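What follows is a single structure, written as structure tokens, with notes after it.
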Amino acid sequence: MAGRTVIVTGASSGLGQAVARELKQRGAHVIAAVRTPDRAAEFDARALDLNDLDSVRAFAAGVGERVDVLVNNAGIGNRPRELSAQGFESTFATNFLGHFALTGLLLDRMRGDGGARIVHVGSALYRHMKTLPLDDLAAERGYSKGRAYVGSKLAQLVFGLELDRRLQLAGRPIRSLVAHPGMANTPMNSNLPSRAGRAFMSVLQATVGRPADRAAIPILYAATDPDARPGDFIGPRLRKWDDRVHAGAIAPHAADPALAARLWAIAEDATGVRFDLDGTTAPLAAGPGPRRRRPAAG
4 MAGRTVIVTG
14 ASSGLGQAVA
24 RELKQRGAHV
34 IAAVRTPDRA
44 AEFDARALDL
54 NDLDSVRAFA
64 AGVGERVDVL
74 VNNAGIGNRP
84 RELSAQGFES
94 TFATNFLGHF
104 ALTGLLLDRM
114 RGDGGARIVH
124 VGSALYRHMK
134 TLPLDDLAAE
144 RGYSKGRAYV
154 GSKLAQLVFG
164 LELDRRLQLA
174 GRPIRSLVAH
184 PGMANTPMNS
194 NLPSRAGRAF
204 MSVLQATVGR
214 PADRAAIPIL
224 YAATDPDARP
234 GDFIGPRLRK
244 WDDRVHAGAI
254 APHAADPALA
264 ARLWAIAEDA
274 TGVRFDLDGT
284 TAPLAAGPGP
294 RRRRPAAG
């Protein structure tokens with residue numbers, strides 16, 4: 004990775020930190036895109052709050068380097084209903100909308116000789132959700148912590164697949180891949196609000212969980228290995244002692260072109276970001292900016 008620049012969101016702890024450390028040890032210049040740069044001082048840490056589209060634009064505007072790899076890793080979950088700075092439900096805004104905007108704004112910074120990759124960190128839980136509440140991005144008609152997280156990960160997966168399809172149609176030498184860590188023993192999976200939830204999670208972690216440095220292997224594979232293929236759901240094998248990477252199939256509902264087209268259009272409307280897929284426009288200047296919503300009560 005010597006001479007390459009990698010951006011990792013959420014690199015101040017957990018999975019993102021493990022990915023960033025390994026890439027730095029292999030010679031990469033790692034830009035840690037984090038809410039609190041002081042917590043990622045071992046890298047080139049820069050402020051990014053994915054829950055605020057203004058912060059996303061400011062971060063992207065400050066990236067002057069050629070970018071070889073973008074790892075869309077940061078995520079939140081198991082939180083009460085909150086709204087982003089623009090009035091969207093925060094889990095969906097952070098895990099998906101912020102990464103959608105960041106990817107579009109950085110597309111013209113990506114390496115143009117065929118070596119650039121965008122890696123979206125997903126979750127195998129996406130299989131448990133077949134549809135997305137795209138007409139209720141503020142979760143005004145009901146909210147579930149679990150559904151909010153799983154929905155955001157389904158959206159991230161659908162986006163990752165659709166982005167690669169559109170890049171290839173446009174002839175852009177950038178690949179978009181989706182990977183997941185399996186059960187990672189990280190703070191987000193440990194700090195559940197209920198005693199029952201924590202007890203259940205402790206059993207899962209003991210049986211199939213992996214520490215962050217091993218859970219990071221599928222993400223590192225997707226980011227660096229020439230054999231990693233877009234269209235696979237790259238993850239670990241089931242046995243926790245087996246660190247070989249498994250290229251799993253995508254469930255049909257996540258590869259639905261109609262869902263992808265609708266999600267893309269709604270994300271563009273919500274964020275104000277239009278992707279520079281043909282390389283002829285300047286995405287940082289394109290579009291009217293994110294659509295702002297009036298925050299709902301609750």
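Going by the working numbering, the residue at position 158 of the sequence shown is 161; the numbering climbs one at a time, nothing skipped. For each residue, glycine too, the CB sits at the ideal point set by N, CA and C. A quick note: this is a predicted structure, and the numbers were derived from the prediction, not measured.
query: I need the straight-line Cα distance from Gly345 to Arg247, nearest angstrom please.; result: Absent from the model: residue 345. The displayed extent of the chain is 4 to 301, so no value can be given.
query: With a floor of 3 residues, list each beta strand (DSSP E) that falls wholly inside the segment 73-139, ordered by position along the chain.; result: 119-124
query: Use the C-beta contact count for Asn192: other C-beta atoms within 10 angstroms, 16 or more gives buried, fewer gives exposed.; result: Its pLDDT being 48, under 50, Asn192 is placed unreliably in this model, and the value from its coordinates should be taken loosely. So Asn192 ends up on the buried side.
query: Can you find the residues in the same chain that come closer than 6 Å, C-beta to C-beta, to Asp55, ignoring five residues on each side of it along the sequence?; result: Ala88
query: I think Val153 touches His131, with their Cβ atoms under 8 Å apart; what is that distance to the nearest whole Å?; result: 6 Å
query: Looking at C-beta atoms only, is the number of pairs between the segment 45-55 and the segment 253-262 that lie closer than 8 Å three or more?; result: no
query: Look at the Cβ atom of Glu68, then the Cβ atom of Thr12, and state whether they are nearer than 8 Å.; result: no
query: Which same chain residues, not among the five before or five after Gly163, have their C-beta less than 6 Å away from its C-beta?; result: His123, Ser179, Val181
query: Can you have a look at Asp279 and say buried or exposed, based on whether 16 or more other CB atoms are within 10 angstroms of its CB?; result: buried
query: What's the gap between the Cα of Leu157 and the Cα of Ala142?; result: 16 Å
query: What is the C-beta distance between Leu140 and Thr274, in whole angstroms, given that I count them as a contact (C-beta under 8 Å)?; result: Not a contact, Cβ separation roughly 11 Å.
query: Which ranges would you report for the alpha helix (DSSP H) in the segment 242-282 if only whole runs of at least 4 residues count?; result: 260-274
query: Could you give the residue range of the alpha helix (DSSP H) that holds Pro40?; result: Pro40 -> no alpha helix (DSSP H), and no H or E assigned at all.
query: Starting from Ser179, trace the beta strand (DSSP E) both ways and give me its first and last residue.; result: 177-182
query: State the beta-bridge partners of Asp47 as determined by DSSP.; result: Ile34
query: Can you tell me which of the three DSSP states Gly65 falls into?; result: coil
query: Could you check what DSSP says for Gly13 in three-state terms: helix, strand or coil?; result: coil
query: Can you tell me where the beta strand (DSSP E) holding Gly163 begins and where it ends?; result: Gly163 -> not in any beta strand (DSSP E); alpha helix (DSSP H) instead, spanning 148-172.
query: Tell me where the alpha helix (DSSP H) around Pro221 begins and ends.; result: 220-227
query: Given Ser40, which residues of its chain have a CB within under 7 Å of its CB, disregarding the five upstream and five downstream residues?; result: Going by the sequence as given, residue 40 is Pro instead of Ser. So the list reads Ala48, Arg49, Ala50, once near-sequence residues are dropped.
query: Output yes or no for whether 8 Å exceeds the beta carbon distance between Gly80 and Pro176.; result: no
query: Leaving out the 5 sequence neighbours to the left and right, which residues in its chain are closer than 7 Å to Glu85 when beta-carbon positions are compared?; result: Ser93
query: Would DSSP call Arg29 helix, strand or coil?; result: coil
query: Which residues in the same chain have their Cβ closer than 6 Å to the Cβ of Ile269, if we skip the five residues on either side of it in sequence?; result: Leu137
query: In the structure shown, what three-state DSSP assignment does Gly238 receive?; result: strand
query: From the DSSP secondary-structure annotation, give me the bridge partner or partners of Gly144.; result: According to the sequence displayed, residue 144 carries Arg and not Gly. Answer by DSSP bridge pairing: none, since Arg144 is not bridged.
query: What are the partner residues of Val70, as DSSP defines its beta bridges?; result: Met113
query: Assuming contact is defined by CB atoms lying nearer than 8 Å, are Asn75 and Thr106 in contact in what I supplied?; result: yes
query: Using 8 Å as the threshold, is the C-beta distance between Leu135 and Ala63 below it?; result: no
query: What does the alpha-carbon distance come out to for the pair Tyr224 and Gly90?; result: 36 Å
query: In its own chain, which residues sit with a C-beta less than 7 Å from the C-beta of Arg60, not counting the 5 before and 5 after it?; result: Leu108
query: Taking DSSP as the reference, what is the three-state secondary structure of Arg213?; result: strand
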